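Protein chains in written order, with my numbering: chain A, 2 to 582; chain B, 556 to 760; chain C, -2 to 209.
For every residue, glycine included, the Cβ atom is placed at its ideal position computed from N, Cα and C.
Quick caveat: nothing in here was measured; it's all calculated off a predicted structure.
Input: a single structure, listed below in C-alpha cells.
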C-alpha cells in the first residue's frame, strides 16, 4: 500500500532553493520551511501548485531537540497525494509563527488549538484565544513537560498495578485530594474570574455601522448552550442578534474536552484503539478504521484479505446508520419531534445488533486490530448483514425518502438556506458530505483510496447547490452508494485468516511519522502520529472532521435567521466527542 | 398542489400505524406468541420486523449475543472435592494491557521461601473506570478473565470489585459463552494430550 | 416487583434500612406518585447520551416507566441523568442546572465517567465523578451502559424512591435548609470548589514549584 507521504510528487526544495529543505530525519517526509518564508511558500502552494485544501495543522513538542514544530498537510481537491510541510521554532517562550488564516480560513480553529495546547502564537491570527480550555487555565497541556494532576508515569503500563497492585484512588495521591493542580502559594479567594470579555469583544467586530437613513437597533448577545436541546451535546455558541438576524457568531467549545491526545500519548499503540471508539461515538467502526490504517502505515504491515472486506462492510454499515440518524436528528431539530427519528433509530438498532454480535458492544466496538480484525464474522451474522443489505435497507431508505423529501414544510425550511459555495467550502477546509453537497466531488475513497475501496464500483455522491436541501439529500445518495458497496463486499468476501499478525500487545513502531486519513461519515478523519521507536506514540493527533467543519459555521450563519441556525448545527453533523476530543 | 408532499409522507405513517395491528393479528391467528417469547423477540429483531418494535425490559429481554461484553469477571474451576481453583496466575498481562489501567493485582508470595506463587492474593477492578473494552479477556493466556453478560449491576455507591466479588464459576462461563467455552476446552485438552504424549515419549539419548 | 410487595402488611424492611425507613400509607402514596413520573432533564454530555436517547426510542421505550417527558429546562425536571464525562469546563453549568431543579430531585450517574471518572479519569480536564459535587442516588456502571442496563438502573431508582419517607427525605429536613444547594465552582488556574478554598490554600503553600 503506497502511502500518501511516500508518493510525493512536488519537490518544494528544488522550487525554493536555499529556503525550503527536505525533512531528512529517518522515517519522516515533507519539507522544512523557515517561519519567515512560510506565507510566501504557502501562497505558492495554494495558487501555483494547486494544493487548495489544507486539511490538518498540528503541533509537536520535540523537547529533546528544544524545538517546537507545526506540521501542515495540504492536498489537492482533484485527488492524489498530498504535501507535508513543517515549521520549527526554538522552544523558548514566546514562540510565534505567521498565521495562515488569510490563505485558508479552515486553519482558524486549528491554530487556536495549537496555541491553547502548545502555547505557540500565530501572528496576525484574527481571534487568537484559548479554544478547548478556558482563559486563565494554567499551562499548555500538550507540552511534554506539562503534567496532569493525576500524573503517575510517563507511559503505560504503570508499575503500581502489578505485582504489588494494592488498589488506591488516584485522588489519594494528589496533594489537593482531587484532579487538581494549582501554582505555588495560590490563593483561591483572591482569584479574579475571567468574565469572557475576550469572547464578547471578538463578537464586536460584527457590529453593524450606523448607516444614514437606517433605524438604529440594539444588538443583543445570546448564549446558546452548552445546555441546549438542539446543540447536539455540549456546544456553546455566542450569537449577536439584530432582531432575529444573526450578525455575529462564535462557537465556544471544550465542554467535552476529554484530553484524548494527552491520554493517547501515555497509552501503548494497542490501548488507543478503544479510546478512538469514543471520538465520534456514532461511528466507532470508522474511527477504529482510521486509527489502525495510520498505525499500519507506521508499522508497514499488510492486512489480511478477509479482514479488509470485513472492515469495509462494518465501516459502510456504520455510515448508513450515521446518515439515518442524521436525517432523524435534523428533522427533530426542525421541530418535527420524534416520528422520523424513531423510524431512523429502528434501522440503527438492527445495524447495532450486528455490531454487537461481531464485536460485543453496540457502540464502542473496539473491533479493528493492526493487520486485521479481532473476531471473524460467522456465517449466520453474514446472513443477517445480507438480509439487511439486500432486503431491508433499500426499502427503508425509499420509505424514508417518500416520507420526507417532498414535505413542503421541510423543503421550505431547507431550500436555499445557508448556501456554502464550492470555493468557500474548500477555503474553510470543509470535508465530507458538506463539501460534496457544495459541488466538489472529493471523496477519499476515490480521491486517495485506502484499504480496498478501489475494487468496488460506486459513484461519489455529489450535489451542486450547497444549500441545506442538497446537504440533506446527499445523505440519502450516500446511503445508496454505501448499499452498493456493501452488496459487492458481502458477495465477494473471501475465506481466510482475519489477521495477518500474531496477537501482540507490546507493539513497537519504528521511528518516524505517519498521517493516515479515511472518509468517515462526517468527513476526513485523519490521525497524525509520531513514533520515537518505543511502545507508545510520541505524538498522537486526531484531525477531527467535526472540528474543522465547524470553522465554516460563522461564515454560513451571519445574515441568516436564528431559527435556521439550529438546523445548520444539525446539518454540519457535528459530534462533540470528536469535536472536543 | 401545496400539501401533497405532506399527504404523501403521512401515507407512510398511516401504513406504519396499521402494520402494528396487522402483524399482531397475523401472529395471533397462527397461534404464536409475539410477545414474551423467544420466537417473538427474534422476529422483532429480524429484517421482517414491522409494527411494535418494543422489547419490554424487564418482562422480556433482548437475546444477548455470545460476544456481548460488560464488566470483566474471574473464572474459577470447581474441583471434585469442592475447592475452588482460580485460573488466574497473576501474570499481570491484563493489568498491562488494560487501557485505562483499572486492574490492580497483588501477587502472593510463598510464606516460607518468599518466592512468587501463581495465585493472586487480591485482584481489584475499579468498575467506574473500566471501559468494557475486553482487552483483558482477549489477551489472557489462561482463559482466566472473561467479560460478563450481566448488566444489571447498578448500585447506590461507587464500586471497586475485589477478588471475592469478581470470582464466578466456570459453569457460569460455559452457560453465557457456550461456543467459546467449547473451543477453549478443546484446545486445553489437545494441549494436555500433547503434553502427556511428550512426557510418555522416550527421551532421545 | 418491589413496589407491589411493599403494600403487603408483612413486608420485610432490610436490616440496614430499619431505622432509616418508616413506611406509612401517606409515604406509599407519595412515593407512588414520585416514582411513576420521574421526568428526566434533557441533558446529554457524551457517548452515554446516545444510549440514553436509544433508551427513549421505540425499542426500549422508557415511557413505560413514566420517564418519557424529557424536559430541556431544569425547572420542570425531577431527575438529572448525568450521561457522560463531566469536564471541568462543563461542571459549573451542571451545578447551576442542579441548583435550578425543584425538589424533590434525583441524580443518576450514568456510565463509568459520571460515576468515577471512567477511562478519562486521568485527563486534566475531567472531573473524577459527579458525586464530588452532587449527591448521586444511583450509579450505573458500564461504558456505555446499554439501554437495558440504563432501564435496570432506573428500576433501582424507583426501588429507592419506594423506600423513601416524607419524614426523612433531605429536602423536607428543616435543619439542613440549604443542604441541597451546591455553590458554583469557579474556573481558575484549575477548577476551584469554593467550599474547599481553605484546604486549597493550605495545600498550595506546600506544593513545590515545577518547571513550567
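By the three-class DSSP mapping on this structure, what secondary structure does residue 431 (chain A) have?
coil
With H, G and I counted as helix, E and B as strand and the rest as coil, what does DSSP make of residue 548 (chain A)?
helix
If we cut at 7 Å on Cβ distances, does residue 627 (chain B) have a partner in chain C?
no
Below 8 Å, how does it come out for the stretch 70 to 84 of chain C and the stretch 38 to 49 of chain C: are there three or more Cβ pairs, yes or no?
yes
Can you confirm whether residue 608 (chain B), when its beta carbon is compared against all beta carbons of chain A, has any partner nearer than 7 Å?
yes
The stretch 515 to 532 of chain A / the stretch 304 to 324 of chain A touching (three or more Cβ pairs under 8 Å):
yes
Could you check if residue 578 (chain A) is buried or exposed, using at least 16 other CB atoms within 10 Å of its CB as the buried criterion?
buried
Taking only beta-carbon atoms, is residue 190 (chain A) less than 7 Å away from chain C?
yes
Counting only Cβ pairs nearer than 9 Å, list the residues of chain B close to residue 134 (chain C).
711
I need the boundaries of the beta strand (DSSP E) containing residue 521 (chain A), first residue and last residue.
513 to 521
Which same chain residues, not among the five before or five after residue 181 (chain A), have their C-beta less than 8 Å away from its C-beta?
150 and 175
Might you give, ordered along the chain, the residues of its own chain that have their beta carbon closer than 7 Å to the beta carbon of residue 395 (chain A), omitting 5 neighbours on each side?
484
Kindly list, in the order they appear in chain B, the residues whose Cβ is closer than 7 Å to that of residue 362 (chain A).
624 and 687
For residue 686 (chain B), is the classification buried or exposed, using 16 other Cβ atoms within 10 angstroms of its Cβ as the cut-off for buried?
buried
Assign residue 569 (chain B) to one of three DSSP states: helix, strand, or coil.
helix
Is there a C-beta anywhere in chain B that falls below 7 Å from the one on residue 533 (chain A)?
no
Proximal chain F residues relative to residue 693 (chain B), where beta-carbon distance stays under 8 Å
Absent from the structure: chain F. Protein chains present are A, B and C.
Given that residue 654 (chain B) touches chain C, what residues does it touch there, using C-beta distances under 9 Å?
116
Unbroken stretches of the alpha helix (DSSP H), 4 residues or longer, contained in the stretch 294 to 352 of chain A:
306 to 334
If you reduce the DSSP assignment to three classes, tell me which class residue 598 (chain B) lands in.
helix
From residue 390 (chain A) to residue 124 (chain C), what distance separates their C-alpha atoms?
43 Å
Three-state secondary structure assigned by DSSP to residue 70 (chain A):
strand
Inter-residue Cα distance where the pair is residue 255 (chain A) and residue 282 (chain A)
17 Å
Contact between the stretch 435 to 450 of chain A and the stretch 470 to 485 of chain A is defined here as three or more beta-carbon pairs at a separation below 8 Å; is this criterion met?
yes
What ranges does the beta strand (DSSP E) occupy inside the stretch 598 to 677 of chain B, keeping only unbroken runs of at least 3 residues that lie completely in it?
627 to 633, 639 to 641 and 658 to 664
Is residue 119 (chain C) buried or exposed, if buried means 16 or more other CB atoms sit within 10 Å of its CB?
buried
Below 8 Å, can you find three or more Cβ-Cβ pairs linking the stretch 500 to 515 of chain A to the stretch 33 to 43 of chain A?
no
Name the chain B residues that come within less than 7 Å of residue 58 (chain C), Cβ to Cβ?
609
Let's test the definition: count the other Cβ atoms within 10 Å of the Cβ of residue 1 (chain A) and tell me whether it reaches 16, buried, or not, exposed.
Only positions 2 to 582 of chain A appear in the structure, and residue 1 (chain A) is not among them; the question remains open.
Pull the bridge partners of residue 249 (chain A) from the DSSP assignment, please.
A:241
With 16 other Cβ atoms within 10 Å as the buried cut-off, status of residue 153 (chain C):
buried
Count the CB pairs spanning the stretch 101 to 108 of chain A and the stretch 118 to 130 of chain A that are closer than 8 Å, and state whether there are at least three.
yes
Rounding to the nearest angstrom, what Cα-Cα distance links residue 317 (chain A) and residue 486 (chain A) in this structure?
8 Å
In this structure, how does DSSP classify residue 532 (chain A) when only helix, strand and coil are distinguished?
strand
For residue 177 (chain A), would you say it is in contact with chain C, using Cβ-to-Cβ distances shorter than 7 Å as the test?
yes
Grab me the residues of residue 765 (chain B)'s own chain with a C-beta within less than 8 Å of its C-beta, minus the 5 sequence neighbours each way, in chain order.
One cannot answer for residue 765 (chain B) here, as it falls past the ends of chain B, which runs 556 to 760.
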